[in-house]
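Novice: This is the structure I want to talk about, given as structure tokens.
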């Protein structure tokens with residue numbers, strides 16, 4: 005029985021060890037990045053303020069934007085997605101506080117029920 009030379013034996017083991025280490029590091033970085041992304045880079049559920057847009061409120065509270073637009077009586081559009089509540093209130097001749105109260109009341113009711121029926125293909 006012949007024993008392989010020590011240099012070849014260690015070279016193959018080192019290659020496998022490095023590949024395993026790189027794979028473990030890649031998996032750790034991937035899932036660590038996902039964790040940090042969900043932990044730090046998400047809108048917080050702070051009270052609704054005048055400077056917030058409907059899109060921001062919808063995302064922060066996990067609510068569909070069309071429902072919130074319907075609540076305050078505005079048609080959803082790209083321009084309105086980035087318009088602060090303060091400006092929307094001015095367009096509707098209402099106070100920002102009145103719009104905020106409407107939004108808070110609608111959010112307190114909860115999201116609309118999921119449509120029932122056969123699953124979509």
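Numbering (my numbering), first residue to last: 5 to 125. Ideal Cβ placement from N, Cα and C applies to all residues, glycine included. Note that the coordinates shown come from a computational prediction; the quantities given were computed from them, not determined experimentally.
1) Keeping to the same chain, check which residues put their C-beta closer than 8 Å to that of residue 73; ignore five residues upstream and five downstream.
2) Terminal residues of the continuous alpha helix (DSSP H) containing residue 84?
3) Under the assumption that residue 107 contacts residue 52 (Cβ atoms under 8 Å), give the Cβ distance between them as a whole number of angstroms.
4) Specify the secondary structure class of residue 117 as computed by DSSP and reduced to three states.
5) Quick check on the DSSP output: what are the complete alpha helix (DSSP H) runs of length 4 or more inside the region 25-89, in order along the chain?
Specialist: The answer reads as follows:
1) On the chain shown, residue 73 is found 69 positions in, with the first residue counted as 1. Hits under 8 Å: 58, 79, 80 and 84.
2) Residue 84 sits at position 80 when you count from the first residue of the chain shown. Boundaries of the alpha helix (DSSP H) harbouring residue 84: 82-85, taken from the DSSP string.
3) Here residue 107 corresponds to residue number 103 of the chain shown, with the count starting at 1. Here residue 52 corresponds to residue number 48 of the chain shown, with the count starting at 1. Confirmed, Cβ separation roughly 6 Å.
4) Against the chain shown, residue 117 aligns to sequence position 113. Residue 117 sits in coil when the DSSP states are folded into three classes, being neither helix nor strand.
5) Within the region 25-89, the complete alpha helix (DSSP H) runs of at least 4 residues are 58-65, 69-76 and 82-85.
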